[in-house]
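Some notes on the structure that comes next.
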DNA sequence: TTCTCTGCAAACGCTTTGCACGGAT
DNA sequence: ATCCGTGCAAAGCGTTTGCAGAGAA
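Have a look at this one:
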């Protein structure tokens, strides 16, 4: 329990530091985003937290996610059309979506081209790299060989 | 006029070859996608063509775009949440969206990392690279220096 | 009290679905 | 006559907005 409490405390401090009033709902939503690596949708966040916060509304989830995005501590990913997924900001990385199991995996970006500040005379401030294919776990399951 | 007719003929042949019955609406929609470099939304396609095809319906635009995507001759881009843009498939390239003027510009992908067939043991079949920033035209307008 | 956060209900906008008409074979 | 494409109208679904009540300062 101690571990959880210090985690909650850390989140609280972080939100305060970003000028965000750390309400209970906001704490729990940010904690969910920063702990798990599941890149949840708004709907998944709602359905996960509603078990422990029975009064939670989707409006609050959306309000909170939009606030987090405005404050720059959370990013919305639209790897596939028609579903936005969210993640807490960490270091730059690419996303890999397995078309077989649907998993979304963080990947390193190992490419000097993607560090360029200018490309073709255009000033680059944001980079989003999405890969799709079959993840190693699915390949094993189907008896395919990796590499 | 000759040029346009041969262009229409070329599109007709292409669609036939892909197993798509080249109806007038489909022809015009594909022509729009393959000629212009504007990466239009479904709505923009509708509003562009309605001038010349007054009976056109949005349903047909959506039907057609979905058909094209299923046949693999058109790709839907979701550079920004909540708007899907379409482009005819050509060679792999990145997209740059200017946050100032909203223009979407095709860019070369100059990066061996993005040609890798496997990354971290995952088999990569699709790559989507979106950059955002200020395009060279806007930088000139605001008196910023490129490079 | 005042200000902010929450959450219900309704509105919104894009996309899909149901279905009937019309054209082509 | 059959099949396929079209397009109207309605439904669907994720997200936002309006607003009133609860809670903190």
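Residue numbers (the numbering used here), protein chains in the order written: chain A, 1 to 147; chain B, 148 to 294.
Here a beta-carbon is modelled for each residue, glycine too, at the ideal position from N, C-alpha and C.
Values in this document were obtained by computation on a predicted structure and should not be read as measured data.
- Looking at the backbone, the Cα of residue 122 of chain A and that of residue 249 of chain B are separated by about 13 Å.
- For the pair residue 206 of chain B and residue 98 of chain A, the Cα-to-Cα distance works out to about 31 Å.
- In the three-state reduction of the DSSP assignment, residue 105 of chain A falls in the strand class.
- The distance from the Cβ of residue 242 of chain B to that of residue 256 of chain B is about 10 Å, inconsistent with a contact at the 8 Å cut-off.
- Excluding the 5 residues flanking it on each side, residue 11 of chain A has same chain C-beta neighbours closer than 6 Å at 27, 30 and 31, in chain order.
- By the 16-neighbour rule on beta-carbons within 10 angstroms, residue 78 of chain A is buried.
- Residue 48 of chain A has its alpha-carbon roughly 44 Å from the corresponding atom of residue 181 of chain B.
- Among the residues of chain B, those whose CB is under 7 Å from the CB of residue 132 of chain A are 272 and 273, following chain order.
- Taking 8 Å as the CB threshold, residue 223 of chain B lines the interface with chain A.
- Residue 218 of chain B and residue 277 of chain B have their alpha carbons spaced roughly 24 Å apart.
- Counting along the chain, residue 190 of chain B sits inside the alpha helix (DSSP H) bounded by residues 189–196.
- Here residue 97 of chain A is bridged, per DSSP, to A/104 and A/132.
- For residue 252 of chain B, the nearest CB of chain A lies under 8 Å from its own CB, placing it at the interface with that chain.
- For a Cβ distance threshold of 7 Å, residue set 113 of chain A lies close to residue 257 of chain B, ordered along the chain.
- Under the DSSP definition of a beta bridge, residue 80 of chain A partners with A/83.
- If you draw a straight line from the Cα of residue 41 of chain A to the Cα of residue 223 of chain B, it comes to about 20 Å.
- Under the Cβ distance rule, residue 141 of chain A does not count among the residues neighbouring chain B, no pair being separated by less than 8 Å.
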